[in-house]
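Visitor:
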Amino acid sequence: MRPWIVGTGWQARMNGWSDGKKDIPPLNDESISYYLNKSQRPGLVDNGNWHEVRSATDYEQTICKKADRAIRRVYQRWQSRDSKLIGQHKTWEHKLRQAEENYLTRKQELDRDAMFDKTPWWYFPMIVIFGVAELAMNAQVFDIFGSPRFETIIMALILSFAIPVAGHFWGRFLREDEKDRTLVLLSIGCLAVIIFSLYALAAVRNSYFKSSVPTTEETVFNAWLFFLSLNFLIFVISVYASWYAHERDFKLFKFKQDYIKSLGRIHRIEGLRNALKSTCHNQIYEIRDRAHQTISVYRQHNLLNRKDDRRPKAFDMLPDILIPDFQEETFANNNGQSKPSTALVSTRFSFD
Numbered sequence: 012m013r014p015w016i017v018g019t020g021w022q023a024r025m026n027g028w029s030d031g032k033k034d035i036p037p038l039n040d041e042s043i044s045y046y047l048n049k050s051q052r053p054g055l056v057d058n059g060n061w062h063e064v065r066s067a068t069d070y071e072q073t074i075c076k077k078a079d080r081a082i083r084r085v086y087q088r089w090q091s092r093d094s095k096l097i098g099q100h101k102t103w104e105h106k107l108r109q110a111e112e113n114y115l116t117r118k119q120e121l122d123r124d125a126m127f128d129k130t131p132w133w134y135f136p137m138i139v140i141f142g143v144a145e146l147a148m149n150a151q152v153f154d155i156f157g158s159p160r161f162e163t164i165i166m167a168l169i170l171s172f173a174i175p176v177a178g179h180f181w182g183r184f185l186r187e188d189e190k191d192r193t194l195v196l197l198s199i200g201c202l203a204v205i206i207f208s209l210y211a212l213a214a215v216r217n218s219y220f221k222s223s224v225p226t227t228e229e230t231v232f233n234a235w236l237f238f239l240s241l242n243f244l245i246f247v248i249s250v251y252a253s254w255y256a257h258e259r260d261f262k263l264f265k266f267k268q269d270y271i272k273s274l275g276r277i278h279r280i281e282g283l284r285n286a287l288k289s290t291c292h293n294q295i296y297e298i299r300d301r302a303h304q305t306i307s308v309y310r311q312h313n314l315l316n317r318k319d320d321r322r323p324k325a326f327d328m329l330p331d332i333l334i335p336d337f338q339e340e341t342f343a344n345n346n347g348q349s350k351p352s353t354a355l356v357s358t359r360f361s362f363d
């Protein structure tokens, strides 16, 4: 999508034809000029801060001013968006410094680095697989017991969730040097859920065997042995996987994660700022090039319709349309709010 349309080609041709018939501009006339303030700081006005834009005719000056206004709109839009990103950048820089300090301090205290930058990718999918396998194996045990009842299905679902989760917390409990109170409570709570579920399942199954299914004690014993062995196997594997996938010092692992996260966010924000700057910069150059293209078409038709074939002196160079400097850090305060735009302000003398 074009950021700005300077006018159609026929307008440039018609104005060139009209001015050429009138021999405008005269052969030896100097260019007409207007000035723009280049300063990005309010109140700073000196000779070095003015940019002169020379054009051959009033029509060319109109094209240059349209281009200037379009460039200012793009530039101010960049300022507004970039100032928000600067605020985010400063916030994450503060978080990065804090996270880096915590991480390096803890690393120095332990005289080692964390084993993992993040939790291994295979760990949580493995826990889900354990839960699905737990549910399937319990269903198989229920087939051995007899026709499943609603209560046993509910308890099977509870076990398929509780056993892998209990293995997760007990693995962390065994792995970490410092035992967090929350971790201890969760570990005990998950184990209590498993014990209660097994007790309830035993009561329901025994009641079912006595009332409905004529089975021997050996069949019941084998079924329970199979049931407990499979569930204990899942629990042990979950504990081992959790033990292997977690760091001994949870604080070191967390501080390192915070540091990596903050660093990643800063890189992402810097990438967004660079992309935004590049996009706006390209749009501004496109505006300038289209203005020059329109002026070139105007001059061609002007020369074709002049009485004198000689080229006017004012046509020697194209107007120098101002391209602003992209100085990012001057357009946001510490809170990430936009400061008033002072670049490319309307400081023309009397040309608008």
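First residue of the sequence shown? That's 12 in our numbering, and the numbers climb one at a time after it.
For glycine and all other residues, C-beta sits at the position ideal for the given N, C-alpha and C.
If you're wondering where the values come from, they're calculated on a predicted model, not measured in any experiment.
Measure the alpha-carbon distance for I43 versus D34 and round it to whole angstroms.
Guide: Position 32 of the sequence shown, counting from 1, holds the residue named residue 43. Position 23 of the sequence shown, counting from 1, holds the residue named residue 34. Straight-line Cα distance between these residues: approximately 16 Å.
Visitor: If I'm right that I280 touches L96 with Cβ under 8 Å, what's the distance once you round it to whole angstroms?
Guide: Numbered from its first residue, the sequence shown carries residue 280 at position 269. Numbered from its first residue, the sequence shown carries residue 96 at position 85. Rounded, the Cβ-Cβ distance is 6 Å, consistent with contact.
Visitor: Can you tell me the Cα-Cα spacing of G20 and P330, whole angstroms?
Guide: Against the sequence shown, residue 20 aligns to sequence position 9. Against the sequence shown, residue 330 aligns to sequence position 319. One C-alpha to the other measures close to 18 Å.
Visitor: What are the residues that DSSP puts in a beta bridge with R65?
Guide: Taking the first residue of the sequence shown as 1, we reach residue 65 at position 54. Under DSSP, R65 takes part in a beta bridge, and its partners are S44.
Visitor: Compute the Euclidean distance between the alpha carbons of F237 and D269, then round it to the nearest angstrom.
Guide: Working through the sequence shown from its first residue, we reach residue 237 at position 226. Working through the sequence shown from its first residue, we reach residue 269 at position 258. Taking the straight line joining both Cα atoms gives about 45 Å.
Visitor: Go through its chain and collect everything with a Cβ distance to F326's Cβ below 7 Å, but skip five positions before and after it.
Guide: For the purposes of this step, residue 326 is taken as residue 315 along the sequence shown, with counting starting at 1. Here the set comprises A67 and R310.
Visitor: What first and last residue would you give for the alpha helix (DSSP H) that runs through E297?
Guide: Your numbering for residue 297 matches position 286 in the sequence shown. From DSSP, the alpha helix (DSSP H) with E297 extends over F261 to L315.
Visitor: May I have the straight-line CA-CA distance separating Y46 from Q22, to the nearest angstrom?
Guide: Against the sequence shown, residue 46 aligns to sequence position 35. Against the sequence shown, residue 22 aligns to sequence position 11. When rounded, the distance between both Cα atoms is 25 Å.
Visitor: Count the C-beta pairs between the region 166-175 and the region 241-251 that are closer than 8 Å, then say yes if the count reaches three, no if not.
Guide: yes
Visitor: Which of helix, strand or coil does DSSP assign to F127?
Guide: By 1-based counting over the sequence shown, the position of residue 127 is 116. In this structure, F127 counts as coil in the three-state DSSP scheme.
Visitor: Identify which residue in P323, I169, F243 and Y134 has its Cα closest to the Cα of D40.
Guide: Counting from one through the sequence shown, the residue named residue 40 turns up at place 29. With distances taken between Cα atoms, D40 lies closest to P323.
Visitor: Does DSSP classify D336 as helix, strand or coil?
Guide: Counted from its first residue, the sequence shown places residue 336 at position 325. The answer is coil: DSSP assigns D336 none of H, G, I, E or B.
Visitor: With a 10 Å radius around its C-beta and 16 neighbouring C-beta atoms as the bar for buried, classify F243 as buried or exposed.
Guide: Numbered from 1 along the sequence shown, position 232 holds the residue referred to as residue 243. When all chains shown are included, F243 counts as exposed.
Visitor: Considering only the alpha carbon of each residue, which of D320, I277, A302 and A286 lies closest to L107?
Guide: Along the sequence shown, one-based indexing puts residue 107 at 96. For the residues D320, I277, A302 and A286, the minimum Cα distance to L107 belongs to I277.
Visitor: If you draw a straight line from the alpha carbon of N293 to that of I332, how long is it in whole angstroms?
Guide: Locating residue 293 in the sequence shown gives position 282, where the first residue counts as 1. Locating residue 332 in the sequence shown gives position 321, where the first residue counts as 1. So the two alpha carbons sit approximately 15 Å from each other.
Visitor: Of all the options I140, I169 and Y134, which has the alpha carbon lying nearest to the alpha carbon of R182?
Guide: To locate residue 182, count along the sequence shown from 1; it is residue 171. At residue 182 the sequence reads Gly, which differs from the Arg that was named. The shortest C-alpha separation from G182 is found at Y134.
Visitor: Could you work out which residue in I169, Y114, R123 and T130 is closest to A256 when comparing CA atoms only?
Guide: For the purposes of this step, residue 256 is identified with residue 245 of the sequence shown, where counting begins at 1. When only C-alpha atoms are compared, the closest one is T130.
Visitor: For I74, which of T305, D320 and R24 has the nearest alpha-carbon?
Guide: Here residue 74 refers to the residue found at position 63 of the sequence shown. Considering only alpha carbons, the answer is T305.
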